[in-house]
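Following this note's numbering, the numbering of the sequence shown begins with 2 at its first residue and continues without gaps. Note that beta-carbon positions come from the ideal geometry of N, C-alpha and C, so glycine has one too.
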Amino acid sequence: MVAKLLISGGRKLCGEVKVQGAKNSTLPILAATLLCEDESVLFNCPKLTDVDATIRILRYLGCKATRTDSTLIVDTQSMKRSDIPHDLMREMRSSIIFLGVLISRCGRAKMSLPGGCELGPRPIDLHLSALRQMGIEITEQHGELECVANDGVKASKIALSFPSVGATENIMLTAVKAKGTTIITNAAKEPEIEDLADFLNKCGARISGAGESTIIIEGVEKLYGCSHSIIPDRIVAATLLSAAACTSSKITLDSVIQSHLSSIIPVFEQAGCEITCRSGKLTIDSPRRLYSPKLVRTMPYPGFPTDAQAPVMAMTCKAQGLTVFVENIFESRYKHVDELNRLGANIKVEGKVALVDGVRHLFGARVRALDLRGAAALVVASLCAQGNTHICGVNFLERGYDELEVVLQSLGADIKKI
Ligand code: EPZ
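Given below as structure tokens:
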């Protein structure tokens, strides 16, 4: 039975909620536990279907992985395989993050090509050219990827043509136990990269510069499991801020890292919201009607994050004036526009530009989520629509949001999963 969400919009939100741990930190760090041959403990891990899929891969490889609430314990001692079967790869495109750790631990890796996803083709050319530079022999045939590090992994100087998050992570994970020093230039600077480096350094790695555009990895012999707490999810924080802003609400988010929201907060302030931060808590106080924030361009970190584009676009649907969105990271990340227009929004898409002409009212309707952040956008918009909205495709939401409907209920929203 496919779950759906029923939302009765128009209610103000109030109260305080804790922001979940970051999905895009949890996934690479779970893969990184394979670099240690013993036990790691991860705190603040969100309950997500993408995390479940990653745990299934760890178990398939022979590891023990157990969850107690938001704590995950992974013991990789009994790991015995270095291949990921097709069905597990298809479940989640970001499983490509296992490539580096399998090569580093087993000297080989086999998996099916991740293929595309709802955001359009998801090429891995930057991953593969970097690994080839590190001496890994890669053959691609019949949709399968076979990698062998014949004479070990070669530390190298790698210049990324684009600051790809996944490629930066795969290079780091491959290089931590290579002989010599690997340097990545034009590396991705996302906070999740820093969190991964923090975890690896706690395991005994020697990584410096994570979070900047040049990362230096000095190879070490062995890594040992450690315990680590995952950083808060900045995209979930942006989503909850969007929900508050479009319902003229005042709410407080607990456990946010303000610097991770440095390009997000100004958008809400331009829309007329008042944001105050103190000791890890962030309070947003929203006006009766939002102003348009004028221009939102997605860029690699520290620019405005592409993952926040959809929920923030939902927030601008009723703002006063025209908001221009420019999506520079993914080529088809506007699948939520048609569904937002079904709720009464007035959005036009021209290539990578979307023009949102603010309307006075949105009206509940039956809508369908087509990807993870698009699902979040529909939830945000339905909260400030008059009447009832049915959202199907909730499975997309559960990939990245840990019980979002429960979090919103605790803030006073009339939302339930049916
Ligand atoms: C990570 O994906 C995130 N996923 C994405 O979050 C996020 O949108 C993205 O980074 C950008 O911030 C995880 O961390 C699990 P990229 P990733 O490699 O690593 C192109 C979400 O909603 N590219 O930085 O796949 C690529 O096609 C998800 O939580 C190449 O051309 O992102 C895209 O256009 C969605 N060749 C751009 O770079 C490559 O070899 C950014 O990709 C790799 C990427």
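Put simply, the backbone Cα of residue 276 is about 12 Å away from that of residue 239. Residue 81 is classed as exposed because its beta carbon has fewer than 16 other beta carbons within 10 Å across all chains shown. For residue 21, no beta strand (DSSP E) encloses it, and the DSSP letter there is neither H nor E. For residue 317, the enclosing alpha helix (DSSP H) starts and ends at 310 to 317.
Between residue 71 and the set 19, 63 and 110, the nearest pair of CA atoms involves 19. Selection 292, 110 and 282 evaluated against residue 269 yields 292 as nearest (Cα-Cα). Here residue 389 is near residue 9, since their CB atoms are less than 9 Å apart. For residue 368, there is no enclosing alpha helix (DSSP H); the enclosing beta strand (DSSP E) has its first and last residue at 367 to 369.
Straight-line measurement puts the Cα of residue 78 at about 15 Å from the Cα of residue 204. Under the DSSP assignment, residue 196 falls in the alpha helix (DSSP H) whose first and last residues are 192 to 203. Only residues of its own chain outside the window of five on either side were considered, and among them 286 have a CB closer than 6 Å to the CB of residue 251, listed in chain order. Rounded to the nearest whole angstrom, the C-alpha separation of residue 95 and residue 374 is 15 Å. Leaving aside the five residues that flank residue 112 on each side, the residues in its chain whose CB is nearer than 6 Å to its CB run, in chain order, 85, 90 and 146. Taken from the Cβ of residue 127, at least one heavy atom of the ligand EPZ lies inside 8 Å. For residue 372, same chain residues with a beta-carbon under 7 Å away, outside a window of 5 residues either side, are 119, 120, 336 and 397 in chain order.
Taken atom to atom, the span from the alpha-carbon of residue 197 to that of residue 357 is near 36 Å. In this structure residue 378 is in contact with residue 341, their Cβ atoms being roughly 7 Å apart against a cut-off of 8 Å.
Between residue 184 and residue 173, the gap from beta carbon to beta carbon reaches 9 Å or more. When the Cα atoms are used, residue 103 and residue 169 turn out to be separated by approximately 16 Å. Placement of the Cβ of residue 308 at a distance of less than 8 Å from at least one heavy atom of the ligand EPZ is found. Ranked by how close their Cα comes to the Cα of residue 83, the residues 148, 222 and 289 have 148 in first place. Counting the other Cβ atoms within 10 Å of the Cβ of residue 142 gives fewer than 16, which makes it exposed. For residue 245, the enclosing alpha helix (DSSP H) has its first and last residue at 235 to 247. Between the stretch 155 to 171 and the stretch 125 to 139, the count of C-beta pairs closer than 8 Å reaches three or more; the two stretches touch.
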